[in-house]
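**Student:** Note that full-length UniProt numbering has the sequence shown beginning at 1, numbered continuously upward.
Glycine residues also receive a C-beta, built at the ideal position from the N, C-alpha and C atoms.
Every value quoted in this text rests on a predicted model; they were computed, and no experiment measured them.
Take a look at the following structure, please.
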Amino acid sequence: MLIYEYKLDGSKAQFAAIEEAIRTTQFIRNTCLRLWMDARGVSRNDLQRYCAVLARQFPFALSLNSQARQAAADRAWAAISRFYEHCKKKKPGKKGSPQFQHDCRSVEDKQTGWKLDPDGVHIRFTDGCGIGRLRLIGSRDIMAFPLSQIKRVRLLRRADGYYCQFAVAATRRVEHQPSGKQVGIDLGLRAFFTDSEGNTVAPPQYLCKAERRLKRLHRRLSKTQKRSRNRRKARQALSKAYLKVQRQREDFARKQANALVSSHDVIAYEALQIRHLVKNRHLAKSIADAAWGRFLWWVRYYGTLHQVPVIGVEPAFTTQDCSRCGQRVKKSLSVRTHLCPGCGLLLDRDHNAALNILQKALQGTVGQTGTDEGVSSNASGQPAATRRRSATPRKQAG
1 MLIYEYKLDG SKAQFAAIEE AIRTTQFIRN TCLRLWMDAR GVSRNDLQRY
51 CAVLARQFPF ALSLNSQARQ AAADRAWAAI SRFYEHCKKK KPGKKGSPQF
101 QHDCRSVEDK QTGWKLDPDG VHIRFTDGCG IGRLRLIGSR DIMAFPLSQI
151 KRVRLLRRAD GYYCQFAVAA TRRVEHQPSG KQVGIDLGLR AFFTDSEGNT
201 VAPPQYLCKA ERRLKRLHRR LSKTQKRSRN RRKARQALSK AYLKVQRQRE
251 DFARKQANAL VSSHDVIAYE ALQIRHLVKN RHLAKSIADA AWGRFLWWVR
301 YYGTLHQVPV IGVEPAFTTQ DCSRCGQRVK KSLSVRTHLC PGCGLLLDRD
351 HNAALNILQK ALQGTVGQTG TDEGVSSNAS GQPAATRRRS ATPRKQAG
């Protein structure tokens, strides 16, 4: 599933109609969730049929396209089924009990309720919400695909405007040029990652660079009166600043992952439990700013496209063990050099860890994860995250 995204150009009345459709989607999703809470044995089919009941009871729900109402019910069922799955697998900690949504930002149509103009630059929504005809701003040609391949059309709100996403049932294929290189990468904070060849990539630190401006915008927001026009403007400026940081991280992670996969035939990485690492209050902000999880997500995604093995190994003792003789050399986080007393190997600790990660992957370490199970395409076009063992030992950041 491919996702094509365009920014929307329209009037204030049209954007207000989109907001009303989004609120209706949130209402249907939360009402279906309440039905599941109040009654036993509610199935996905029951939620789908309940949408017709809501349309008869509430005129504003009737204005939304019938398949858009079903898509809203599917959102509620997605949260319910995920909760059931976590309970069935006895996931440790919280099971993710479904919660009512208060910040819905999108509405989704299936294959009805919209119509593309022949020019491929305008889209018209034909339901009762009154959205009408909108112009698509983007460089890609959505008309290159038959209309039957467009399975979803999603309207979403971001801090800088409204966007339209098309979910196209198509498969992307990339012809990989073999390089004969195998690489292991060690993620860190001093260097974004260090590979087994000794190359390093500097951390971008987008949040750190934008922090001064973000603090100023936070102070400006805190000084405004609630429900005032100035407060709304201050919130929008702050949201745009955070959106810029998010897009910078995404762009950096995507480009680095593409370059890494394109130039190697085998890639090994340490399967970190990032959700445990961010519990360190001294390093949590730096780890979140590095966005390791997003980078690894793109590495697995491009590995699937290029049909390149991407192997995750347990990070236990990758920093401590000597990559030449295997002797375990204890060192604290402040020690940045690996010096083996047995064989005399002198290396940067991250370079030594990257070599160990590659060796573990090539030896077929028990508990490794690969691209076969790591990336799959779902209805939204997003590859699913690799499932890792919850017992993976923690690794010190850096």
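#1: To the nearest angstrom, how far is the alpha carbon of residue 301 from that of residue 89?
#2: Give me the Cα-Cα distance between residue 337 and residue 182, rounded to the nearest whole angstrom.
#3: Counting only runs that start and end within the segment 61-131, where is the beta strand (DSSP E) found for 3 or more residues in a row?
#4: Rounded to a whole number of angstroms, what is the C-alpha to C-alpha distance between residue 252 and residue 319?
#5: Counting along the chain, where does the beta strand (DSSP E) carrying residue 152 start and finish?
#6: Could you check where the beta strand (DSSP E) with residue 264 kicks off and where it finishes?
#7: Within the segment 238-299, note down every full beta strand (DSSP E) run reaching 3 residues or more, in order along the chain.
#8: Does the pairing of the segment 5-17 with the segment 126-135 give three or more beta-carbon distances under 8 Å?
#9: Can you look up residue 164 in the DSSP assignment and give me helix, strand or coil?
#10: In the DSSP assignment, find the unbroken alpha helix (DSSP H) run with residue 218 in it and report its ends.
#11: Tell me, to the nearest whole angstrom, how far the beta carbon of residue 54 is from that of residue 76; I am working on the premise that it is less than 8 Å.
#12: Within its chain, find whatever has a CB closer than 6 Å to the CB of residue 105; leave out the 5 residues flanking it on each side and keep chain order.
#13: In three-state terms, what does DSSP make of residue 303?
#14: Look at the alpha carbon of residue 359 and the alpha carbon of residue 323, and state the distance between them as a whole number of angstroms.
#15: From the DSSP secondary-structure annotation, give me the bridge partner or partners of residue 50.
#16: Per DSSP, which one or two residues make a beta bridge with residue 200?
#17: Taking only the alpha-carbon atoms, compute the straight-line gap between residue 128 and residue 268 and give it to the nearest angstrom.
#18: Between the Cα of residue 195 and the Cα atoms of 317, 327, 270, which residue gives the shortest distance?
#19: Just mark residue 245 as buried or exposed, buried being the case when its beta carbon has 16 or more other beta carbons within 10 Å.
#20: Measure the alpha-carbon distance for residue 284 versus residue 277 and round it to whole angstroms.
#21: Which residues bound the alpha helix (DSSP H) around residue 177?
#22: With distance defined between alpha-carbon atoms, name the residue in 93, 308, 65 nearest to residue 125.
#23: At the level of alpha carbons, what is the spacing between residue 175 and residue 306?
#24: Can a CB atom of chain D be found closer than 9 Å to the CB of residue 361?
#25: Rounded to whole angstroms, what is the Cα-Cα separation between residue 56 and residue 27?
#26: For my contact list, residue 308 and residue 351 are in at a C-beta cut-off of 8 Å; report their separation, rounded to the angstrom.
#27: Taking a contact to mean a Cβ-Cβ separation below 9 Å, would you say residue 190 touches residue 203 in this structure?
#28: Taking the alpha helix (DSSP H) that residue 22 falls in, what are its first and last residues?
#29: Bridge partners of residue 310, per DSSP?
#30: Measure the alpha-carbon distance for residue 314 versus residue 38 and round it to whole angstroms.
#31: Can you tell me whether residue 140 is helix, strand or coil according to DSSP?
#32: Between residue 291 and residue 52, what straight-line distance do the alpha-carbon atoms span, to the nearest angstrom?
**Tutor:** Inspection of the coordinates gives the following:
#1: Your numbering for residue 301 matches position 301 in the sequence shown. Your numbering for residue 89 matches position 89 in the sequence shown. Going from the Cα of residue 301 to the Cα of residue 89 covers about 25 Å.
#2: Here the question's residue 337 lines up with position 337 in the sequence shown. Here the question's residue 182 lines up with position 182 in the sequence shown. Approximately 24 Å, taken between the alpha carbons.
#3: For the segment 61-131, whole beta strand (DSSP E) runs of length 3 or above, ordered along the chain, are 106-109, 114-116, 122-125.
#4: As a position in the sequence shown, residue 252 is number 252, starting the count at 1. As a position in the sequence shown, residue 319 is number 319, starting the count at 1. Taking the straight line joining both Cα atoms gives about 26 Å.
#5: On the sequence shown, position 152 is the one that residue 152 refers to. 150-158 is the span of the beta strand (DSSP E), which, as asked, contains residue 152.
#6: By 1-based counting over the sequence shown, the position of residue 264 is 264. Residue 264 -> no beta strand (DSSP E), and no H or E assigned at all.
#7: As far as the segment 238-299 is concerned, its whole beta strand (DSSP E) runs of at least 3 residues are 266-270.
#8: yes
#9: Here the question's residue 164 lines up with position 164 in the sequence shown. Strand.
#10: In the sequence shown, counting from the first residue as 1, residue 218 sits at position 218. Note, residue 218: alpha helix (DSSP H), 206-222.
#11: Stepping through the sequence shown from its first residue, residue 54 is reached at position 54. Stepping through the sequence shown from its first residue, residue 76 is reached at position 76. Actually they do not touch by this definition, with Cβ atoms about 12 Å apart.
#12: In the sequence shown, the residue the question calls residue 105 occupies position 105. Cβ neighbours of residue 105 beyond the five flanking positions: 156, 157.
#13: On the sequence shown, position 303 is the one that residue 303 refers to. Looking at residue 303 - three-state DSSP - the assignment turns out to be helix.
#14: In the sequence shown, counting from the first residue as 1, residue 359 sits at position 359. In the sequence shown, counting from the first residue as 1, residue 323 sits at position 323. When rounded, the distance between both Cα atoms is 8 Å.
#15: The count along the sequence shown starts at 1 and reaches residue 50 at position 50. The partner list for residue 50 (beta bridge, DSSP) is empty, contrary to what the question assumes.
#16: On the sequence shown, residue 200 is found 200 positions in, with the first residue counted as 1. Residue 200 pairs with 194.
#17: Numbered from 1 along the sequence shown, position 128 holds the residue referred to as residue 128. Numbered from 1 along the sequence shown, position 268 holds the residue referred to as residue 268. Residue 128 and residue 268 have their C-alpha atoms some 52 Å from each other.
#18: Locating residue 195 in the sequence shown gives position 195, where the first residue counts as 1. Ranking the options by Cα distance to residue 195, first place goes to 270.
#19: Here residue 245 is taken as the residue at index 245 of the sequence shown, counted from 1. It is buried - the Cβ of residue 245 has at least 16 other Cβ atoms within 10 Å.
#20: Walking along the sequence shown from the start, residue 284 turns up at place 284. Walking along the sequence shown from the start, residue 277 turns up at place 277. So the alpha carbons of these two residues sit roughly 7 Å apart.
#21: Indexing the sequence shown from 1 puts residue 177 at position 177. Element bounds for residue 177: n/a, residue is neither H nor E.
#22: For this step, residue 125 is matched to residue 125 along the sequence shown. Residue 65 holds the alpha-carbon nearest to the alpha-carbon of residue 125 among 93, 308, 65.
#23: Translated into the one-based positions of the sequence shown, residue 175 becomes position 175. Translated into the one-based positions of the sequence shown, residue 306 becomes position 306. Distance between the alpha carbons of residue 175 and residue 306 is about 6 Å.
#24: Reference to chain D is not applicable here, since this structure consists of a single protein chain.
#25: Numbered from 1 along the sequence shown, position 56 holds the residue referred to as residue 56. Numbered from 1 along the sequence shown, position 27 holds the residue referred to as residue 27. Residue 56 and residue 27: Cα-Cα distance of roughly 14 Å.
#26: As a first step, residue 308 is located in the sequence shown; it is residue number 308 there, counting from the start. As a first step, residue 351 is located in the sequence shown; it is residue number 351 there, counting from the start. Their Cβ separation, rounded to whole angstroms, is 22 Å, which puts residue 308 and residue 351 out of contact at 8 Å.
#27: Indexing the sequence shown from 1 puts residue 190 at position 190. Indexing the sequence shown from 1 puts residue 203 at position 203. Pairing residue 190 with residue 203 gives a Cβ-Cβ distance under 9 Å.
#28: Here residue 22 refers to the residue found at position 22 when the sequence shown is read from its first residue. That run of the alpha helix (DSSP H) goes 12-38.
#29: Stepping through the sequence shown from its first residue, residue 310 is reached at position 310. The partner list for residue 310 (beta bridge, DSSP) reads 267.
#30: The sequence position of residue 314 within the sequence shown is 314, counting from 1. The sequence position of residue 38 within the sequence shown is 38, counting from 1. Distance between the alpha carbons of residue 314 and residue 38: 43 Å.
#31: Residue 140 sits at position 140 when you count from the first residue of the sequence shown. Residue 140 falls in the coil class under three-state DSSP.
#32: Position 291 of the sequence shown, counted from the start, is the residue given in the question as residue 291. Position 52 of the sequence shown, counted from the start, is the residue given in the question as residue 52. Whole-angstrom Cα-Cα distance: 42 Å.
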